[in-house]
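Below is one structure, written out as C-alpha cells; the observations come after it.
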Amino acid sequence: MLPALADWYANAPTAPGTRLHRLGAFASYLVSPGPIAALASQLLGRPARPVRAIAFDKSPATNWALGWHQDRTINVAARAEVEGYGPWTVKQGSPHVEPPFALIGAMITLRIHLDPVTPDNAPLEIALGSHRKGYIPEARITAVVATSEVAACLAQHGDVWAYATPILHASRRSTVTGSRRVLQVDYSGDTLPAPLEWALRS
Numbered sequence: 718m719l720p721a722l723a724d725w726y727a728n729a730p731t732a733p734g735t736r737l738h739r740l741g742a743f744a745s746y747l748v749s750p751g752p753i754a755a756l757a758s759q760l761l762g763r764p765a766r767p768v769r770a771i772a773f774d775k776s777p778a779t780n781w782a783l784g785w786h787q788d789r790t791i792n793v794a795a796r797a798e799v800e801g802y803g804p805w806t807v808k809q810g811s812p813h814v815e816p817p818f819a820l821i822g823a824m825i826t827l828r829i830h831l832d833p834v835t836p837d838n839a840p841l842e843i844a845l846g847s848h849r850k851g852y853i854p855e856a857r858i859t860a861v862v863a864t865s866e867v868a869a870c871l872a873q874h875g876d877v878w879a880y881a882t883p884i885l886h887a888s889r890r891s892t893v894t895g896s897r898r899v900l901q902v903d904y905s906g907d908t909l910p911a912p913l914e915w916a917l918r919s
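Just add 717 to wherever you are in the sequence shown, counting from 1, and you've got the numbering used here.
In C-alpha cells:
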C-alpha cells in the first residue's frame with residue numbers, strides 16, 4: 718500500500734488535510750478482506766468498513782497546530798433529518814453530522830504512516846481513557862486532559878496506529894523540515910439508520 722500512497726501524495730494538492738471521497742487504488746487494502754480492514758475488524762471484534770479517510774501532510778508548506786478536541790462527526794452521503802443525529806456541518810463540501818455517542822464510541826481510527834513520526838515533527842498526542850467519557854463539552858476538555866495520561870504516537874515508516882475514534886487528541890506544529898504524511902481512516906461496524914448512508918465509496 719505504501720507505494721500507492723506515496724504516488725497519491727506526489728500528485729495531491731498541497732493542503733493540511735484532504736478528505737477522500739473514494740478509496741480508488743487504496744480500496745484493496747482498506748476494504749475487507751484487505752489487511753487494514755482485517756486489522757480494524759479484529760480490533761472491533763466484528764466486520765468493519767472504512768467510513769472516512771483523510772490524508773494529512775504536515776510539511777514546511779503546510780505546518781499547523783491543532784488543539785485538544787474530539788472527532789465527533791461522521792461523513793454521510795447526504796443530509797437527512799434523523800432523530801438523534803445533529804448538529805450538521807459541511808467539511809470540504811461534504812456533509813457531516815454528530816451521531817449518538819454509541820455509534821461513534823464503537824468506531825476505531827487507524828493511522829497509516831508514510832514517514833517516521835518523531836518528537837520533533839508533531840506526533841499525534843492522545844489523552845488516554847478520554848474516549849470512555851462520552852461527548853466532552855469544550856469547556857471541560859482542558860480539565861480532562863490535565864487529569865489524563867498523555868501519550869505521543871511516535872511511529873516508523875509503515876507503522877499503523879489504532880485508537881478509539883472519540884479519544885481526545887491534539888498535534889503541535891512541526892519544528893523540523895520534511896513531511897509527516899499520514900492516511901487516517903475511520904472504521905465502523907454499524908449501518909446508519911435510513912435514509913442516512915456512509916459517504917465513503919470504493
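Ideal placement from N, C-alpha and C gives every residue a C-beta, glycine not left out. Since the model is a prediction, treat every value here as computed from it, not as a measurement.
Taking C-alpha atoms, which residue in the options lies nearest to residue i?
i: Thr882; options: Ala839, Ala868, His830 and Phe818; result: Phe818
i: Leu783; options: Pro840, Ser811, Thr835 and Arg739; result: Pro840
i: Pro910; options: Val862, Leu820 and Ala872; result: Leu820
i: Ser709; options: Asn780, Leu740 and Thr894; result: Residue numbering for the chain in the displayed model covers 718 to 919; residue 709 lies beyond these limits and cannot be assessed.
i: Thr894; options: Val877, Leu756, Lys775 and Arg918; result: Lys775
i: Thr859; options: Val877, Leu885, Arg918 and Leu871; result: Leu885
i: Ser758; options: Val902, Leu871, Ala797 and Glu866; result: Val902
i: Tyr904; options: Val861, Ala755, Leu719 and Gly741; result: Ala755
i: Tyr802; options: Gly810, Pro816 and Val867; result: Pro816
i: Arg789; options: Gly810, Val867, Val814 and Thr864; result: Val814
i: Thr864; options: Pro812, Gly846 and Ala797; result: Gly846
i: Ala862; options: Tyr726, Ile753, Leu747 and Gln787; result: According to the sequence shown, residue 862 is Val rather than Ala. Here the closest residue by C-alpha is Gln787.
Suppose you measure from the CA of residue i to the CA of residue j; what does that come to, to the nearest Å?
i: Glu800; j: Ala794; result: 17 angstroms
i: Ile829; j: Asp724; result: 15 angstroms
i: Pro836; j: Arg769; result: 27 angstroms
i: Asn728; j: Pro833; result: 21 angstroms
i: Gly751; j: Ala744; result: 8 angstroms
i: Arg857; j: His848; result: 14 angstroms
i: Trp785; j: Ala869; result: 13 angstroms
i: Thr892; j: Pro777; result: 9 angstroms
i: Lys808; j: Gly734; result: 11 angstroms
i: Arg890; j: Asn838; result: 7 angstroms
i: Thr806; j: Gly822; result: 20 angstroms
i: Thr908; j: Trp915; result: 8 angstroms
i: Arg796; j: Ser749; result: 27 angstroms
i: Ala742; j: Pro804; result: 33 angstroms
i: Tyr746; j: Leu871; result: 23 angstroms
i: Ser896; j: Tyr726; result: 11 angstroms
Checking contacts by CB at 8 angstroms: is residue i closer than that to chain B?
i: Ser749; result: No chain B is present in this structure, which holds just one protein chain.
If you count every other CB in all the chains shown that lies within 10 Å of the CB of residue i, and 16 or more means buried, which is it?
i: His874; result: exposed
i: Pro912; result: exposed
i: Ala844; result: buried
i: Pro767; result: buried
i: Pro854; result: exposed
i: Leu719; result: exposed
With the cut-off set at 8 angstroms, would you say residue i and residue j are in Cβ contact?
i: Leu827; j: Arg898; result: no
i: Ala772; j: Leu737; result: yes
i: Ile791; j: Ala879; result: no
i: Gly851; j: Leu761; result: no
i: Arg739; j: Ser919; result: yes
i: Leu900; j: Leu722; result: yes
i: Glu842; j: Val877; result: no
Does the beta-carbon of residue i, which I'm using as the reference point, lie nearer than 7 angstroms to any heavy atom of the ligand MN?
i: Ser865; result: This structure simply doesn't include the ligand MN, nor any ligand for that matter.
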